[in-house]
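First up is the structure itself, then whatever we jot down about it.
Number of protein chains: 2
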Amino acid sequence: MTDEFSRIARYFAPLAGEEGLGLANDAAVLKPPPGRELVLTVDQMLEGVHFLSGDDPALIARKLLRRNLSDLAAMGAVPMGYLLTTALPAGLEESWLAGFSAGLAEDQKLYGICLYGGDSSSARRDISLSATLLGHVAPGAGLSRGGAKPGDEIWVTGTIGDAALGLKARLGELTDPTGYLTRRSLLPEPRVGLSLAGIASAAIDVSDGLLQDLGHICRQSGAGAVIAADAVPVSEQAAAFGPDMLEARLTDGDDYELIVTVPPDRVAALKAACGALAITRIGHMVAGEGVEVRDPAGATLRFGKAGWQHF
Amino acid sequence: MTDEFSRIARYFAPLAGEEGLGLANDAAVLKPPPGRELVLTVDQMLEGVHFLSGDDPALIARKLLRRNLSDLAAMGAVPMGYLLTTALPAGLEESWLAGFSAGLAEDQKLYGICLYGGDSSSARRDISLSATLLGHVAPGAGLSRGGAKPGDEIWVTGTIGDAALGLKARLGELTDPTGYLTRRSLLPEPRVGLSLAGIASAAIDVSDGLLQDLGHICRQSGAGAVIAADAVPVSEQAAAFGPDMLEARLTDGDDYELIVTVPPDRVAALKAACGALAITRIGHMVAGEGVEVRDPAGATLRFGKAGWQHF
Numbered sequence: 124m125t126d127e128f129s130r131i132a133r134y135f136a137p138l139a140g141e142e143g144l145g146l147a148n149d150a151a152v153l154k155p156p157p158g159r160e161l162v163l164t165v166d167q168m169l170e171g172v173h174f175l176s177g178d179d180p181a182l183i184a185r186k187l188l189r190r191n192l193s194d195l196a197a198m199g200a201v202p203m204g205y206l207l208t209t210a211l212p213a214g215l216e217e218s219w220l221a222g223f224s225a226g227l228a229e230d231q232k233l234y235g236i237c238l239y240g241g242d243s244s245s246a247r248r249d250i251s252l253s254a255t256l257l258g259h260v261a262p263g264a265g266l267s268r269g270g271a272k273p274g275d276e277i278w279v280t281g282t283i284g285d286a287a288l289g290l291k292a293r294l295g296e297l298t299d300p301t302g303y304l305t306r307r308s309l310l311p312e313p314r315v316g317l318s319l320a321g322i323a324s325a326a327i328d329v330s331d332g333l334l335q336d337l338g339h340i341c342r343q344s345g346a347g348a349v350i351a352a353d354a355v356p357v358s359e360q361a362a363a364f365g366p367d368m369l370e371a372r373l374t375d376g377d378d379y380e381l382i383v384t385v386p387p388d389r390v391a392a393l394k395a396a397c398g399a400l401a402i403t404r405i406g407h408m409v410a411g412e413g414v415e416v417r418d419p420a421g422a423t424l425r426f427g428k429a430g431w432q433h434f
Numbered sequence: 124m125t126d127e128f129s130r131i132a133r134y135f136a137p138l139a140g141e142e143g144l145g146l147a148n149d150a151a152v153l154k155p156p157p158g159r160e161l162v163l164t165v166d167q168m169l170e171g172v173h174f175l176s177g178d179d180p181a182l183i184a185r186k187l188l189r190r191n192l193s194d195l196a197a198m199g200a201v202p203m204g205y206l207l208t209t210a211l212p213a214g215l216e217e218s219w220l221a222g223f224s225a226g227l228a229e230d231q232k233l234y235g236i237c238l239y240g241g242d243s244s245s246a247r248r249d250i251s252l253s254a255t256l257l258g259h260v261a262p263g264a265g266l267s268r269g270g271a272k273p274g275d276e277i278w279v280t281g282t283i284g285d286a287a288l289g290l291k292a293r294l295g296e297l298t299d300p301t302g303y304l305t306r307r308s309l310l311p312e313p314r315v316g317l318s319l320a321g322i323a324s325a326a327i328d329v330s331d332g333l334l335q336d337l338g339h340i341c342r343q344s345g346a347g348a349v350i351a352a353d354a355v356p357v358s359e360q361a362a363a364f365g366p367d368m369l370e371a372r373l374t375d376g377d378d379y380e381l382i383v384t385v386p387p388d389r390v391a392a393l394k395a396a397c398g399a400l401a402i403t404r405i406g407h408m409v410a411g412e413g414v415e416v417r418d419p420a421g422a423t424l425r426f427g428k429a430g431w432q433h434f
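This is the structure we're talking about:
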């Protein structure tokens, strides 16, 4: 590999916005958008934890940005730019960095964000990456996990469970003839750009599993949730694997769809805000605590876990 | 170890400022200080690269914050708060996390900053940490590496080379009877709080080695630098190792002192701004490029490297 400063100049300086000062200073300087609040989020992508060692570096880069973009989407924020850390083992091919920076460039363009700055390091063994993403919202308009009330309806965007099946396909545990599930796992579509302020009472993105993430809304809102197992939207490709996959669908993460709670009288507004994006009602909030999953006969289903945790 | 959410609640939620929303949301919401620009920086601390596997977790935490604080100091910014990422191997003792969060708490108090949010993950092997620190400056007042002009004097704060010797002491390569050099390596003192706007023409912190970091000022300013080897300030403890350590002193990093360039007519203001903090003139900027080091007889000294690079 070329030296650290040449690599920064070649692969990262072209990605920098003017706030990044050409990546030639100790820090970036940002004029905050007047009259707006800033929204800040950070996510990691680690070799052997969040991606497989042979994965395409461009897709790793794009998923790193998209996981963060999904967090901003769950807050109702408009994305602006990001800081990046890379820790790369010495033996890594230069082509990895070329692919990685090309992936960043592609999604920067797609989502209208730029690179503010970062830190590059060598790593002893595994690749370790993080991105800190900044966005903005109107004052007081940021969505939270804590505003859901009993009686609110629970809706989700898109389909749930594709990414977990896509990971199994990538590991050779099942076949994915169309490649759709694999793509859902490698390249999620963060639901940025929905104007949910004043509509949603709470929101979160599905990163750790539907039950666990909905559980966060319950805990922060001081309420419970009842959902219908057969209402959870499933893609055609995932449905082909039959009902055995229900637990995986509800407890595996990485879909980056949004769970949104909404008072019944704002459902029409929610649908209008989502436009062409499919959105499905899966249940409603109740007094109490925790998430209850019911089968079509109304019986409560129990699962061994709620979702993905680190350790 | 306890589960991820219990750990966040126990060790990290108490560190959160109100912007962190109790660490219970997808992102933090920050009201930017009115009429100020934001300054953003990020740094990593990786096991086996930036710290040794057995190092005290409280000191690792504090150095993580201090390396970032030093970047803000070099921009002349006032620190506000940070986002944190942790990636920890499954076998790590809970006491490590207790020590780590106690170290964060101590330096948060010392530097008046708070935790905004973060991301925690498991790691396959090595501990991997990063912090993204936010600060603010008056509009246009952020210091840069690019403003030095021929004729400007070059000054450095504190003493140079202690941290490199301290690392050697920690590795058992030399003795450090007072522990001073070891402390300088483990717990640098970022020079935040100096009001250098309108005084310094350029600034950078010494993280990768005096020659390399001064070289960044030269490159960004389109000028050269001449420094006197024997003018570089050395602590009593480092001086005890004699002149053989000159190259290490000039090319090893981790001191987190500031290099400041200043027009001669602002030297008095620089001294006043530094107050009780020792500051030493080591040379001056010239037309040309690169850093020239001269011995007391005026001969040019040559070194094998300028400073630390990753790979």
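For the record, the sequence lines run as chains A and B. Count along the first sequence from 1, add 123, and you get the number used in the numbering used here. Count along the second sequence from 1, add 123, and you get the number used in the numbering used here. Cβ atoms here follow ideal geometry from the backbone N, Cα and C, with glycine treated the same way. Since the structure is predicted, the reported quantities are computational estimates derived from the model, not experimental observations.
Looking only at DSSP bridge pairs, what is Ile350(A) linked to? For the purposes of this step, residue 350(A) is identified with residue 227 of the first sequence, where counting begins at 1. Beta-bridge analysis with DSSP links Ile350(A) to Gly406(A) and Val416(A).
Does the segment 312 to 325 of chain B come close enough to the segment 195 to 211 of chain B to have 3 or more Cβ pairs within less than 8 angstroms? With the rule of 3 Cβ pairs closer than 8 angstroms, the segment 312 to 325 of chain B counts as touching the segment 195 to 211 of chain B.
Please tell me whether Phe434(B) has its Cβ less than 8 angstroms away from any Cβ of chain A. Here the question's residue 434(B) lines up with position 311 in the second sequence. Annotation note: pLDDT 48 at Phe434(B) (below 50); position unreliable, coordinate value reported separately. Taking a beta-carbon distance threshold of 8 angstroms, Phe434(B) counts as an interface residue toward chain A.
Does any residue of chain B have a CB that is nearer than 8 angstroms to the CB of Ser224(A)? One-based indexing of the first sequence puts residue 224(A) at position 101. Not flagged as an interface residue toward chain B: Ser224(A), since no C-beta distance is shorter than 8 angstroms.
Using the three-state DSSP reduction, which class does Ala264(B) fall into: helix, strand or coil? Here residue 264(B) refers to the residue found at position 141 when the second sequence is read from its first residue. Coil.
With a 10 Å radius around its C-beta and 16 neighbouring C-beta atoms as the bar for buried, classify Thr374(A) as buried or exposed. Counting from 1 along the first sequence, the entry for residue 374(A) is found at position 251. Buried, since its Cβ has 16 or more Cβ neighbours within 10 Å.
Could you have a look at His339(B) and say whether DSSP puts it in helix, strand or coil? Position 216 of the second sequence, counted from the start, is the residue given in the question as residue 339(B). Three-state result, His339(B): helix.
Looking at C-alpha atoms only, which residue of Ala354(A), Ala320(A), Asp242(A) and His259(A) is the closest neighbour of Phe127(A)? In the first sequence, residue 127(A) corresponds to position 4, counting from 1. In the sequence under discussion, the amino acid at residue 127(A) is Glu, which differs from the Phe named in the question. Glu127(A) has its Cα closest to that of Asp242(A), out of Ala354(A), Ala320(A), Asp242(A) and His259(A).
Taking a cut of 7 angstroms between CB atoms, which residues from the segment 149 to 163 of chain A lie near chain B? Listed by position, the residues of the segment 149 to 163 of chain A near chain B (Cβ gap below 7 angstroms) are Asp149, Ala150, Ala151, Val152, Leu153, Lys154, Pro155, Glu160, Leu161, Val162 and Leu163.
Spatial neighbours of Glu380(B) within its chain, please: C-beta separation below 8 angstroms, excluding the five flanking residues on both sides. Taking the second sequence and counting its residues from 1, one reaches residue 380(B) at position 257. Result list for Glu380(B): Val279, Thr280, Gly281, Thr282, Ile283, Arg314, Asp328 and Val329, in chain order.
Output, in sequence order along the chain, the residues in the segment 220 to 250 of chain A whose CB is closer than 9 angstroms to any CB in chain B. Within the segment 220 to 250 of chain A, the residues whose Cβ lies closer than 9 angstroms to some Cβ of chain B are Tyr239, Gly240, Gly241, Asp242, Ser243, Ser244, Ser245, Ala246, Arg247, Arg248 and Asp249, listed in chain order.
Look up Phe324(A) in the DSSP assignment and give the residues it is bridged to. Position 201 of the first sequence holds residue 324(A). Reading off the sequence, residue 324(A) comes out as Ser, not Phe. Beta-bridge pairing links Ser324(A) to no other residue.
Taking just the CA atoms, how far does Ala147(A) sit from Thr384(B)? The residue labelled residue 384(B) in the question sits at position 261 within the second sequence. The residue labelled residue 147(A) in the question sits at position 24 within the first sequence. Going by the C-alpha atoms only, they are around 17 angstroms apart.
Please say whether Ser224(A) and Ser253(B) have beta carbons closer to each other than 8 angstroms? As a working note, residue 253(B) is residue 130 in the second sequence. As a working note, residue 224(A) is residue 101 in the first sequence. Going by C-beta atoms, Ser253(B) is not nearer than 8 angstroms to Ser224(A).
Does DSSP put Leu400(A) in a helix, in a strand, or in coil? As a working note, residue 400(A) is residue 277 in the first sequence. It is coil, neither helix nor strand.
Mapping DSSP to helix, strand and coil, what is Ser129(A)? Mapped onto the first sequence, residue 129(A) falls at position 6. It is helical.
Is Ala197(A) close to chain B? Criterion is C-beta to C-beta, closer than 8 angstroms. Taking the first residue of the first sequence as 1, we reach residue 197(A) at position 74. Yes, Ala197(A) counts as interfacial toward chain B.
From Leu238(A) to Glu415(A), what does the alpha carbon distance come to, in whole angstroms? Within the first sequence, residue 238(A) is the residue found at index 115, counting from 1. Within the first sequence, residue 415(A) is the residue found at index 292, counting from 1. If I take the Cα positions, the gap works out to 42 angstroms.
Is any beta-carbon of chain B found at less than 8 angstroms from that of Gly269(A)? Along the first sequence, read from residue 1 onward, the residue named residue 269(A) stands at position 146. At least one chain B Cβ lies under 8 angstroms of Gly269(A).
Chain A contacts from the segment 170 to 181 of chain B (Cβ-Cβ distance under 9 angstroms): Here the close residues are Glu170, Gly171, Val172 and His173.
Where do the ends of the beta strand (DSSP E) carrying Ala439(B) lie? In the structure displayed, chain B extends from 124 to 434; residue 439(B) sits before or after that span and is not available.
Which term fits Ala79(A), buried or exposed, when burial requires 16 or more other beta carbons within 10 angstroms of its beta carbon? Because chain A spans 124 through 434 in this model, residue 79(A) falls outside it and cannot be assessed.
Cα-Cα separation between Arg306(B) and Gly289(B), rounded to whole angstroms: Residue 306(B) sits at position 183 when you count from the first residue of the second sequence. Residue 289(B) sits at position 166 when you count from the first residue of the second sequence. For the pair Arg306(B) and Gly289(B), the Cα-to-Cα distance works out to about 7 angstroms.
Within 8 angstroms (strictly less), CB to CB, does Ile340(B) reach chain A? Along the second sequence, read from residue 1 onward, the residue named residue 340(B) stands at position 217. Not one chain A Cβ lies under 8 angstroms of Ile340(B).
I believe Thr403(B) touches Pro356(B) by the beta-carbon criterion, under 8 angstroms. Please report the beta-carbon distance rounded to the nearest angstrom. To locate residue 403(B), count along the second sequence from 1; it is residue 280. To locate residue 356(B), count along the second sequence from 1; it is residue 233. So it is a contact: roughly 4 angstroms between Cβ atoms.
At the 8 angstroms Cβ level, is Asp375(A) part of the contact set with chain B, yes or no? In the first sequence, counting from the first residue as 1, residue 375(A) sits at position 252. Not one beta carbon of chain B lies nearer than 8 angstroms to the beta carbon of Asp375(A).
Interface residues of chain B around Ala147(A) at Cβ under 9 angstroms? Here the question's residue 147(A) lines up with position 24 in the first sequence. Those are Ser267, Arg268, Gly269, His339, Arg342 and Gln343, listed as they occur along chain B.
Opposing strand residues paired with Glu160(B) [DSSP bridges]: For the purposes of this step, residue 160(B) is taken as residue 37 along the second sequence, with counting starting at 1. Paired residues: Val260(B).
Tell me which residues share the same chain as Phe434(A) and place their Cβ nearer than 7 angstroms to its Cβ, disregarding the 5 neighbours each side in the sequence. Translated into positions along the first sequence, residue 434(A) becomes position 311. Confidence at Phe434(A) is low in this model, with a pLDDT of 48, below 50, so the placement of that residue is unreliable and no value is reported for it.
Taking the alpha-carbon of Ala181(B) as reference, which of Gly143(B), Leu161(B), Tyr134(B) and Thr164(B) has the nearest alpha-carbon? Indexing the second sequence from 1 puts residue 181(B) at position 58. Of the candidates Gly143(B), Leu161(B), Tyr134(B) and Thr164(B), the one whose C-alpha sits nearest the C-alpha of Ala181(B) is Tyr134(B).
The alpha helix (DSSP H) with Gly289(B) in it runs from where to where? Within the second sequence, numbered from 1, the residue matching residue 289(B) stands at position 166. Per DSSP, Gly289(B) belongs to the alpha helix (DSSP H) from Asp285 to Arg293.
Distance cutoff 8 angstroms, beta carbons only. Does Ser318(B) sit that close to anything in chain A? In the second sequence, the residue the question calls residue 318(B) occupies position 195. Closer than 8 angstroms: no.
So, with DSSP's three-state summary, where would you put Phe364(A)? Residue mapping note: residue 364(A) aligns to position 241 of the first sequence, counting from 1. If DSSP states are grouped into helix, strand and coil, Phe364(A) belongs with coil.
Leaving aside the five residues before and after Ala352(B) along the sequence, list all residues of the same chain whose C-beta is less than 8 angstroms from its C-beta, in chain order. Your numbering for residue 352(B) matches position 229 in the second sequence. Excluding residues up to 5 positions away in sequence, Leu369, Leu373, Val416, Arg417, Asp418, Pro419 and Leu424 lie with their Cβ nearer than 8 angstroms to the Cβ of Ala352(B) in the same chain.
Tell me which residue opens and which closes the alpha helix (DSSP H) that Thr305(B) is part of. Your numbering for residue 305(B) matches position 182 in the second sequence. First-last of the alpha helix (DSSP H) with Thr305(B): Tyr303 to Leu309.
Could you give the residue range of the beta strand (DSSP E) that holds Ile382(A)? Reading the first sequence from its first residue, position 259 is the one you call residue 382(A). Secondary structure note for Ile382(A): its beta strand (DSSP E) is the uninterrupted segment Leu381 to Val385.
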